[in-house]
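Trainee: Have a look at this one before I ask anything.
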């Protein structure tokens, strides 16, 4: 129950243990096509270029920036946590002139100042994290899409995709990426990515990264089937299976399960007298942040949870490293029994 | 029996199906440390910075260049196949001034002209592919190490590591990378990488790639344990298990098995009257290249092998796409029974 990786769906683990197919085997290519179709369904997009990047979520972030940002392009980043800060670093390494617009950690990104900065600086890209894994806060992507003007909207969906509504097309998102190990319920190792026509037409034709060059990758995942790099076939089979489990349960039912677990967990923590960290109204159900009570040693509690209950929860990030806990209810971990167990275990340990 | 991925060792697949550990779980961190130790053993190095990169072999290539090459640095690349060509592309995107020294496809890289070019251009980096997956030819890395002078020696060991002798320290290699899906017998998804002190001291402090920044990655794999990106924990467990299988059998015994299978395969193909493609004296045992006989349709033979015998072999690359086959004996696939089967199947199909 950390901030990810979650427990994978059994189907996703079983797929990894199957005999390996070649990366140009017709059977595998069909599985890859189906995986991209399933990703379009969960991303809620018709983007032809929707595919798994061969790296973890941070590789997805780098792929998004390196394919859209050239030297001197202005990128406005709405920052309300560690992953927004990471966006600034990644964009700068791609040659961007980064304009950073901060909101307090734990709060959502405020769309007004971000859009204002984008207008003032004629930004090529507006970038924001939908669900901040470092704080548990959810930001309003639709508002940014509505006001983006000529800019491209780049969104980090690592901790949102699969767990809460994500509407790539309806919200006007031009490029987005996720990770497999959060609400998709698959082991870490792939970064689902989707890019729309508008971003595609304005992409960097020869990006600084060969490995993450979407033009070249697209010639393999598309109908040309031109070899680029050896696809991580086992991981793609696992993603295919995990997405299959989600679609069988139903994307809305999966989101409802995440919501139910998250709200029960947050209610239970408050009933114990603990203070939630993320701002009310912006709390992610899949990732709950709670303040460590005064006088309690965060690390001792986490160690006890791990050793006595086999429960992993996360510490905080940055200045909140020892004063906040992060508890995930993601993917296969988003089960009522886990919520009940972590609440009961915390009650025992904290004596509440 | 393609040019990779091979069939993984059963231990490597079983590890993937185990319950997933968190990327900061003490049990996982111990497994990560052991994995790095095992990589040091197979790389034959004492380099402290020996670790798995979270991407496929091509991510290892990009990591090697992006951490050693700055704008305007001269990189001399010995090219004798597709992966040497790829090095030129990757290095150029890192800002290098690339000096390309060609040898014919199927031949090894000729060390003399490469070293001469490096001296003439005061190269920062000399780069070469040890085992060219596109042609089946093996190049002499030790000769380049002996003559490298002030340059750093960067070596692609994707198709050599585990299958034939690799001596990072004894040969004077400064930075090298591999892939998991070849002779290491693990599914694709990780790129083992090792970098020595000499290259470390001359590295790029803030490389263009955030995801592949060895300074930041090293703070996680080293004792600081500082979070960088979520490690692909399942794949690392699989690599740990695959390396365990290799060390249990013995690295020399594994190489002997690759040699025996490769030589038997090459002898059998010649006995059938077929012509081997790679130059005599430079033939890789783990990857055999053979000319498609006149009048034979390469694709039909490959399709028949796949459908009737469940055997995958590879086509050729570039101008040799339809005139050369590539047959792998790598990792768990390097078994006598597979050699016997592919030879018998080819005899049946070709009527020889």
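Residue numbers (our numbering), protein chains in the order written: chain A, 15 to 366; chain B, 15 to 366.
Where a beta carbon is used, it is the ideal one built from N, C-alpha and C, also for glycine.
Quantities reported herein were computed from a predicted structural model and do not represent experimental measurements.
Just list the residues that DSSP pairs residue 189 (chain A) with in beta bridges.
Mentor: A:168, A:209.
Trainee: For the beta strand (DSSP E) that residue 65 (chain A) lies in, which residues bound it at each end?
Mentor: That run of the beta strand (DSSP E) goes 63-67.
Trainee: Kindly say whether residue 352 (chain B), judged by its beta-carbon, lies nearer than 8 Å to any beta-carbon of chain A.
Mentor: With 8 Å as the cut-off, residue 352 (chain B) does not count as an interface residue toward chain A.
Trainee: Spatial neighbours of residue 50 (chain B) within its chain, please: CB distance less than 6 Å, with the 5 preceding and 5 following residues excluded, ordered by chain position.
Mentor: So the qualifying residues of the chain are 64, 65.
Trainee: Quick one: list the residues of chain B neighbouring residue 247 (chain A), beta-carbon separation under 8 Å, in chain order.
Mentor: The answer, in chain order, is 19, 201, 202.
Trainee: Applying the 10 Å Cβ sphere with the 16-neighbour rule, what's the burial state of residue 317 (chain B)?
Mentor: Residue 317 (chain B) is exposed by the Cβ-count criterion.
Trainee: Applying a beta-carbon distance threshold of less than 9 Å, which residues of chain A neighbour residue 76 (chain B)?
Mentor: Per Cβ cutoff of 9 Å: 223, 224, 225, 226.
Trainee: Would residue 127 (chain B) pass as an interface residue toward chain A - the criterion being a Cβ-Cβ separation below 8 Å?
Mentor: Cβ-Cβ to chain A under 8 Å: no for residue 127 (chain B).
Trainee: List, in order along the chain, the chain A residues whose C-beta lies closer than 7 Å to that of residue 39 (chain B)?
Mentor: Ordered by position in chain A, the residues that pass the 7 Å Cβ test against residue 39 (chain B) are 326.
Trainee: Quick one: Cα of residue 53 (chain A) to Cα of residue 248 (chain A), how far?
Mentor: Straight-line Cα distance between these residues: approximately 17 Å.
Trainee: According to DSSP, is residue 326 (chain B) helix, strand or coil?
Mentor: DSSP places residue 326 (chain B) in coil when its eight states are reduced to three.
Trainee: For chain B, is any of its Cβ atoms less than 8 Å away from the one on residue 179 (chain A)?
Mentor: Not one chain B Cβ lies under 8 Å of residue 179 (chain A).
Trainee: Alpha carbon to alpha carbon, how far is residue 359 (chain A) from residue 197 (chain B)?
Mentor: Computed Cα separation, rounded: 46 Å.
Trainee: At 3 residues or longer, what runs of the beta strand (DSSP E) sit wholly inside the segment 291-361 of chain B?
Mentor: The segment 291-361 of chain B contains these whole beta strand (DSSP E) runs: 301-305, 338-342.
Trainee: Do you know how far the Cα of residue 182 (chain B) is from the Cα of residue 280 (chain B)?
Mentor: The straight-line gap from Cα to Cα measures roughly 28 Å.
Trainee: Measuring CA to CA, which of A:227, A:83, A:288 is closest to residue 309 (chain A)?
Mentor: Comparing Cα-Cα distances from residue 309 (chain A) to each of A:227, A:83, A:288, the minimum goes to A:288.
Trainee: Against residue 8 (chain B), what residues of chain A qualify as contacts under a CB-to-CB distance less than 9 Å, listed in chain order?
Mentor: Past the edges of chain B, shown from 15 to 366, lies residue 8 (chain B), and the structure says nothing about it.
Trainee: Quick one: does residue 243 (chain B) have its CB under 8 Å from some CB of chain A?
Mentor: Chain A, which has a Cβ nearer than 8 Å to the Cβ of residue 243 (chain B), makes this yes.
Trainee: On a Cα-Cα basis, can you pick out the residue from B:332, B:101, B:322 that is closest to residue 362 (chain B)?
Mentor: Nearest option by C-alpha distance: B:322.
Trainee: With 8 Å as the threshold, decide whether the Cβ of residue 84 (chain B) is near any Cβ in chain A.
Mentor: No, because no Cβ of chain A sits closer than 8 Å to the Cβ of residue 84 (chain B).
Trainee: Between which two residues does the alpha helix (DSSP H) holding residue 251 (chain A) run?
Mentor: Counting along the chain, the alpha helix (DSSP H) containing residue 251 (chain A) begins and ends at 247-263.
Trainee: Do you know whose CA, among B:239, B:115, B:100, B:136, lies nearest residue 71 (chain B)'s CA?
Mentor: Comparing Cα positions, the closest option is B:100.
Trainee: Buried or exposed, going by whether 16 or more other CB atoms sit within 10 Å of the CB of residue 285 (chain A)?
Mentor: Classification of residue 285 (chain A): exposed, given that the 10 Å Cβ count is below 16.
Trainee: Under 8 Å by Cβ, that's how I've got residue 29 (chain B) and residue 252 (chain B) pegged, so tell me the actual separation to the nearest angstrom.
Mentor: That belief holds up - the Cβ atoms of residue 29 (chain B) and residue 252 (chain B) are roughly 5 Å apart, short of 8 Å.
Trainee: According to the Cβ coordinates, are residue 115 (chain A) and residue 92 (chain A) closer than 8 Å?
Mentor: In contact: residue 115 (chain A) and residue 92 (chain A) (Cβ atoms closer than 8 Å).
Trainee: Buried or exposed for residue 164 (chain A), please, with buried defined as at least 16 other CB atoms from any protein chain shown within 10 angstroms of its CB.
Mentor: Answer is exposed; the Cβ neighbour count stays below 16.
Trainee: What does DSSP give as the partner residues of residue 178 (chain A) in its beta bridges?
Mentor: DSSP lists A:175 as partners of residue 178 (chain A).
Trainee: Quick one: list the residues of chain B neighbouring residue 44 (chain A), beta-carbon separation under 8 Å, in chain order.
Mentor: Chain B residues near residue 44 (chain A): none, gap ~14 Å exceeds 8 Å.
Trainee: Identify whether residue 156 (chain B) lies in helix, strand or coil by the three-state DSSP scheme.
Mentor: Residue state, collapsed to three classes: helix.
Trainee: Do the CB positions of residue 144 (chain B) and residue 102 (chain B) come within less than 8 Å of each other?
Mentor: Cβ atoms of residue 144 (chain B) and residue 102 (chain B): not closer than 8 Å.
Trainee: Tell me the rounded alpha-carbon separation between residue 274 (chain B) and residue 158 (chain B).
Mentor: The straight-line gap from Cα to Cα measures roughly 27 Å.
Trainee: The segment 92-106 of chain A: which residues have C-beta closer than 8 Å to a C-beta of chain B, in chain order?
Mentor: Cβ contacts with chain B: 100, 103, 104.
Trainee: Identify each residue in the segment 60-73 of chain B for which the Cβ-Cβ distance to at least one residue of chain A is less than 8 Å, and report them in chain order.
Mentor: So the close ones are 68, 69, 70, 71, 72, 73.
Trainee: If you check the beta carbons only, do residue 141 (chain B) and residue 113 (chain B) fall under 8 Å apart?
Mentor: No, the pair does not count as a contact, with Cβ atoms beyond the cut-off.
Trainee: Since residue 67 (chain B) and residue 204 (chain B) should fall inside the 8 Å C-beta cutoff, what is the C-beta to C-beta distance between them, to a whole number of angstroms?
Mentor: About 7 Å separates the two Cβ atoms, so the contact holds.
Trainee: Let me make sure I understand the geometry here. Which of B:73, B:149, B:160 has the alpha-carbon closest to that of residue 125 (chain B)?
Mentor: Out of B:73, B:149, B:160, B:160 has the C-alpha closest to the C-alpha of residue 125 (chain B).
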